[in-house]
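In terms of the UniProt record's numbering, the sequence shown opens at residue 1 and continues consecutively.
Heads up, the thing below is written out as structure tokens.
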Amino acid sequence: MGIPQMRTVVTYGRDPLFAISVAITVFISLLVLLLRTKVKYIKEISDGILEISKGSLDFRITKKGHDELGLLAENINSMSEQLKTQIEEERKAERSKNELITNVSHDLKTPLTSIIGYLRLVKDKKYETYEQMKEYLDTAYEKSEKLRMLIQDLFEYTKLANGDVQIKKSKINLVELIEQVMGELSLMARENHATFLKVYLKNEVSVEVDSDKIVRAIENILVNAIKYSYRPGEIKVQIAQEDKTTLVIVENSGDTIQKEDLSHLFDRFFRVEKSRTSDIGGSGLGLSIAKSIVKLHDGEIWAESENNKIRIFVRL
1 MGIPQMRTVV TYGRDPLFAI SVAITVFISL LVLLLRTKVK YIKEISDGIL
51 EISKGSLDFR ITKKGHDELG LLAENINSMS EQLKTQIEEE RKAERSKNEL
101 ITNVSHDLKT PLTSIIGYLR LVKDKKYETY EQMKEYLDTA YEKSEKLRML
151 IQDLFEYTKL ANGDVQIKKS KINLVELIEQ VMGELSLMAR ENHATFLKVY
201 LKNEVSVEVD SDKIVRAIEN ILVNAIKYSY RPGEIKVQIA QEDKTTLVIV
251 ENSGDTIQKE DLSHLFDRFF RVEKSRTSDI GGSGLGLSIA KSIVKLHDGE
301 IWAESENNKI RIFVRL
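And the structure:
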């Protein structure tokens with residue numbers, strides 16, 4: 001009975017060593033496999049970085065797991081996306097700058113050519129009467145004024161676009177300010193067979209704004225309404241207070257603007273298809289300047305159009 005018992009003890013004595021050996025072998029095998037997998041993934045990440053560095057910003061490294069290497073791959077992908085966005089914005093800005101230069105060059109050239117032409121006629125005495133000479137000079141002066149306004153708009157737009165404008169707010173009567181602007185534009189309105197219709201319940205609506213900047217914004221909106229209104233036409237100006245904000249609505253009758261065009265109405269140099277072939281002058285920057293000024297005041301500006309009515313809303 002004693003001998004079998006001793007054999008059992010000897011057999012059990014070997015089992016722990018065997019188990020440890022197996023465990024070590026399995027551990028080493030798994031470690032080698034894991035290291036090979038990690039090394040392979042590190043090479044994959046390295047190849048991905050090389051691909052991105054060549055300019056393939058759409059390339060993405062596959063994220064495997066949630067460890068440090070997985071986090072590294074995710075961060076590299078995020079960096080690549082940010083670089084792509086930044087480069088696209090820079091390219092867009094460059095295209096925008098080139099477009100601005102092209103448009104402004106054309107708009108400056110047109111009145112300048114006319115001015116030089118009429119002044120040359122006067123200089124060379126190519127006129128028959130004093131009245132004809134005066135007509136040439138008046139036309140040259142009119143073109144000079146348009147040129148001055150274009151340069152002024154361009155200067156204002158550039159400052160606003162570059163963020164070089166600071167606003168100085170003070171409490172003013174918005175009704176009085178808009179009345180002043182309409183008074184200054186009354187001659188232009190008459191020349192375009194347009195009349196102003198005032199629709200506001202109060203004679204005093206107090207707002208805290210930069211009065212010089214808001215005058216410019218309102219003036220640009222009203223000038224736009226005068227230019228593109230049917231003739232004879234009526235331009236309705238409404239002022240209303242809603243909660244803690246003030247709403248100004250300028251409405252004119254004119255060709256209905258399509259929805260896809262409304263969203264671009266405040267883009268610089270944008271004109272709806274029908275007005276591109278018309279002889280309506282202007283820098284094409286007026287509404288864009290108005291939008292920038294309203295945004296400086298943390299306000300909102302948008303347009304709506306239906307049934308041959310165009311409305312521009314300004315919330316301050």
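Quick reminder that beta carbons are idealized off the backbone N, C-alpha and C, glycines included.
- Contact annotation: glutamate 260 and lysine 309 have beta-carbon atoms that are not nearer than 8 Å.
- Looking only at Ser56, His297, Glu135, the smallest Cα-Cα distance to alanine 217 is reached by His297.
- DSSP places arginine 216 in the uninterrupted alpha helix (DSSP H) bounded by 211 to 228.
- In chain order, Lys171, Ile172, Asn173, Leu174 place their CB closer than 8 Å to the CB of serine 206, counting only its own chain and leaving out the 5 sequence neighbours on each side.
- Annotation: the continuous beta strand (DSSP E) that includes leucine 197 extends over 194 to 200.
- If one requires a minimum length of 4 residues, the alpha helix (DSSP H) runs lying completely within the stretch 155 to 196 are 174 to 184, 186 to 191, in chain order.
- Here lysine 236 has Leu197, Val199, Glu251 as same chain residues with Cβ atoms under 7 Å from its own Cβ, once five neighbours each way along the sequence are excluded.
- As for any beta strand (DSSP E) of minimum length 3 sitting wholly inside the stretch 42 to 87, there is none.
- For asparagine 98, the three-state secondary structure derived from DSSP is helix.
- By the beta-carbon neighbour count (other beta carbons within 10 angstroms, threshold 16), serine 105 is exposed.
- Nearest to threonine 256 by alpha-carbon distance, out of Arg311, Tyr141, Ile116, is Arg311.
- Here DSSP, grouped into helix, strand and coil, assigns valine 294 to helix.
- Taking C-beta separations shorter than 8 Å and ignoring five residues to either side along the sequence, the partners of alanine 161 in its chain run Ser292, following chain order.
- Secondary structure of glutamine 152 (DSSP, three-state): helix.
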